[in-house]
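Under our numbering, think of the first position of the sequence shown as 1, with each following residue one higher.
Have a look at the structure below, then the notes.
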Amino acid sequence: MPADNSGHLAIAARRRHELTRAKAIQALRELDRTGAPITFQTVARHADVSRSWLYSQPDIRTQIQDLRNATQRAPAAAVPAVQRASDTSLLRRLETANQRNRQLTEDNQRLRRQLAEALGQLRTTPAPRTSITIGPC
1 MPADNSGHLA
11 IAARRRHELT
21 RAKAIQALRE
31 LDRTGAPITF
41 QTVARHADVS
51 RSWLYSQPDI
61 RTQIQDLRNA
71 TQRAPAAAVP
81 AVQRASDTSL
91 LRRLETANQR
101 NRQLTEDNQR
111 LRRQLAEALG
121 QLRTTPAPRT
131 SITIGPC
């Protein structure tokens, strides 16, 4: 009776599956890092796996779809994930811009008051009049 090698086959299949997953995830990260367009075809080509296998992996499929949607909405040159601004960063920039806007508004109001006071002082201060006498030529 031949020996039962099914355990070894299962281990080899599991190892091959994990290696394929690692290649696909690495390819996905590399493409995202470089800003290349993310599609099932480019990931499959870069990882040397089949597109149908990528579609059969729910977590990898979701990542590809999310990154593909993010790069399709982005301008022509996709920004790699590590260079994209986070929501927290964007909120901080907005708060800083609003604070600067308030400061400039206050400065404007102060300068307008100073200008109005200066113009008022010029109006109330009589200008020295010099008389010109017209005499015979």
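The beta-carbon is built from N, C-alpha and C at its ideal position, and this holds for glycine as well.
Return the CA-CA distance between residue i and residue j, expressed in angstroms with no decimal places.
i    : j    : result
R110 : T124 : 21 Å
G7   : R14  : 11 Å
T42  : L91  : 34 Å
R112 : N98  : 21 Å
D4   : A10  : 12 Å
A70  : E106 : 40 Å
L140 : P2   : The displayed coordinates of the chain run from 1 to 137. Any statement about residue 140 would go beyond what the structure contains.
E117 : R100 : 26 Å
E95  : Q114 : 29 Å
D87  : H17  : 36 Å
L54  : L104 : 54 Å
Can you give me the start and stop residues for the alpha helix (DSSP H) that residue i sits inside?
i    : result
D138 : Residue 138 lies beyond the residue range present for the chain, which begins at 1 and ends at 137; the question has no answer from this structure.
S6   : 6-34
R45  : 40-47
S50  : Neither: S50 is in no alpha helix (DSSP H) and is coded neither H nor E.
Given residue i, which residues of its chain have a CB within under 7 Å of its CB, disregarding the five upstream and five downstream residues?
i   : result
Q63 : L28
Q65 : none
R51 : F40, Q41, A44
If you drop the 5 nearest sequence neighbours on each side, which residues of the same chain put their C-beta closer than 6 Å to that of residue i?
i    : result
R102 : none
Short of 8 Å in beta carbon distance, which residues of its chain neighbour residue i, apart from the five on each side in sequence? Order them along the chain.
i    : result
A85  : R93
R21  : Q57, I60
T39  : I64, R68
L122 : none
Does the region 17-28 touch the region 41-59, meaning 3 or more C-beta pairs lie closer than 8 Å? Because the criterion of three Cβ pairs below 8 Å is met, the region 41-59 and the region 17-28 touch.
Spell out a yes or no on whether the region 31-39 and the region 79-92 are touching, meaning 3 or more CB-CB pairs, one atom from each, closer than 8 Å. yes
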